[in-house]
Amino acid sequence: LMNMSLREGRPMDVNPGTLEDIVKLKDQLKNLFQGRKWRNAVERIWAFGPRRYGPNILLNNIKEYSRPSVWQCLDPAGAEAAVLRDLDNSIISGFQLATLSGPMCEEPLMGVCFSIERWDMLSSANPVAPPEQRDLMEEYSNTHEVSQSTSEEMTSGSNKAEQRFDTASADCYGPVSGQLIAATKEACRHAFQAQPQRLMAAMYTCDIMATAEVLGRVYGVLGKREGRVLHEEMKEGTDMFLIKAVLPIAESFGFADEIRKRTSGLASPQLVFSHWEVISSDPYWVPTTEEEYLHFGEKADSENQALKYMNAVRRRKGLYVEEKIVEHAEKQRTLSKNK
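Per the UniProt record's numbering, the sequence shown runs over residues 1 to 339.
See below:
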């Protein structure tokens, strides 16, 4: 075991095998991050998320801010020289919260890179206080002046006003670290929404064995449930076909029963989790050109796979779903019978 130092100053025992895996990960990232915009990006990685090991990256592109890299455990001298930064940890915590629940379905993000380009800290030398705080400041100053020229009762009143002013100030602005966590989280969410957004769907690998008579029905069920056939081949010496396809897990509920009913039991599927796949359709798409209006109409209410999945998840979680329940409200039907 190798003894390394953390930024907090506490020692940490690192297995040499773990260090080798970290070196391999760093080399793989260098091979993947090619191009001008990814130049030296590996050395500027601030954190991984969510949970500090996820598939999302936070980059430090602040020119005025030099901080230890995420790979500081590979450099003993750098690890010993590192110091704790409270604001640094707050930014990382906000990034972790933003990647843990995205704005589309409140699900973890995958494959997103956030880059912090600038970090401005406003001076608090002459802060502009809100009206409520200014009233408390005036009340405190007046009470303090009276207390210097009057009895001890007024002095105790000034102490109460001072405590009230301090409490109101703390409640109004709160700790800096907590505000920075919330600001970083909202900044990451807005930056994510400023770019084209896509959903990722979990996919099953579906192996189906069917006869030639029911092959068309199998293809019909797969097409109805957004499935995609990869390849098919005929088993030698028999009249059975082996079909390999991929199927979204969201569409797999009741899939086996339906395919058995449609084929009268002559086809049986086997589902195994395979991978995550990006859904090509945009859940927030609306028609903009004249051709799109002619093809889809003004409402564009044709079924969108990504929008259907997103609304289903949001509805299940109790989140807001943007849909029109009533379209024409000028007509009214009374249920009472005319006497």
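Ideal Cβ placement from N, Cα and C applies to all residues, glycine included.
CA-to-CA distance, residue j to residue i, given in whole angstroms
{"i": "H144", "j": "V176", "result": "Bear in mind that the predicted position of H144 carries a pLDDT of just 47, short of 50, making it too unreliable to give a figure here."}
{"i": "Q28", "j": "C113", "result": "16 Å"}
{"i": "residue 353", "j": "E43", "result": "Because the chain is modelled from 1 through 339, residue 353 falls outside the range shown and cannot be assessed."}
{"i": "M200", "j": "W276", "result": "6 Å"}
{"i": "T99", "j": "W71", "result": "21 Å"}
{"i": "L319", "j": "E236", "result": "52 Å"}
{"i": "A183", "j": "N61", "result": "18 Å"}
{"i": "T288", "j": "K224", "result": "28 Å"}
{"i": "A187", "j": "I116", "result": "10 Å"}
{"i": "F296", "j": "V286", "result": "9 Å"}
{"i": "C105", "j": "T238", "result": "47 Å"}
{"i": "M240", "j": "Q305", "result": "32 Å"}
{"i": "N15", "j": "K63", "result": "34 Å"}
{"i": "P127", "j": "L87", "result": "Bear in mind that the predicted position of P127 carries a pLDDT of just 49, short of 50, making it too unreliable to give a figure here."}
{"i": "D21", "j": "G111", "result": "21 Å"}
{"i": "R262", "j": "R316", "result": "30 Å"}
{"i": "E153", "j": "M121", "result": "With a pLDDT of only 46 at E153, under the threshold of 50, the placement of this residue in the model should not be trusted, and no figure is reported."}
{"i": "E323", "j": "R67", "result": "46 Å"}
{"i": "Q34", "j": "N89", "result": "29 Å"}
{"i": "R118", "j": "K26", "result": "25 Å"}
{"i": "R260", "j": "Y293", "result": "40 Å"}
{"i": "R36", "j": "P50", "result": "27 Å"}
{"i": "G17", "j": "S93", "result": "28 Å"}
{"i": "G216", "j": "I243", "result": "12 Å"}
{"i": "K30", "j": "R52", "result": "19 Å"}
{"i": "G254", "j": "P248", "result": "13 Å"}
{"i": "H190", "j": "Y284", "result": "15 Å"}
{"i": "K185", "j": "E330", "result": "43 Å"}
{"i": "E233", "j": "E290", "result": "44 Å"}
{"i": "Y65", "j": "S101", "result": "28 Å"}
{"i": "V278", "j": "L32", "result": "19 Å"}
{"i": "K24", "j": "S264", "result": "52 Å"}
Expected contact under 8 Å - CB spacing of residue i and residue j to nearest Å
{"i": "V246", "j": "L230", "result": "7 Å"}
{"i": "L97", "j": "I181", "result": "7 Å"}
{"i": "Y204", "j": "F273", "result": "6 Å"}
{"i": "Q193", "j": "P103", "result": "6 Å"}
{"i": "S268", "j": "M209", "result": "6 Å"}
{"i": "V221", "j": "E258", "result": "6 Å"}
{"i": "T211", "j": "L271", "result": "Going by Cβ atoms, the distance from T211 to L271 rounds to 20 Å, so no, they are not a contact pair."}
C-beta contact flag for residue i and residue j at 9 Å
{"i": "L307", "j": "S281", "result": "yes"}
{"i": "E107", "j": "V321", "result": "no"}
{"i": "F48", "j": "N40", "result": "no"}
{"i": "G227", "j": "C206", "result": "yes"}
{"i": "A250", "j": "A202", "result": "yes"}
{"i": "W38", "j": "I91", "result": "no"}
{"i": "G54", "j": "L109", "result": "yes"}
Beta bridge counterpart(s) of residue i as assigned by DSSP
{"i": "S177", "result": "Looking at the DSSP assignment, S177 forms no beta bridge with any residue, so it has no partner."}
{"i": "T205", "result": "V246 and V272"}
{"i": "M200", "result": "V278"}
{"i": "R228", "result": "V246"}
{"i": "G49", "result": "N56"}
{"i": "M240", "result": "T211"}
{"i": "E233", "result": "L242"}
{"i": "I116", "result": "N60"}
Chain D within 9 Å of residue i, Cβ atoms only
{"i": "E330", "result": "Of the protein chains in the structure, only one exists, and it is not chain D."}
| Length-filtered (4 minimum) alpha helix (DSSP H) runs lying within the region 16–40 | 16–32
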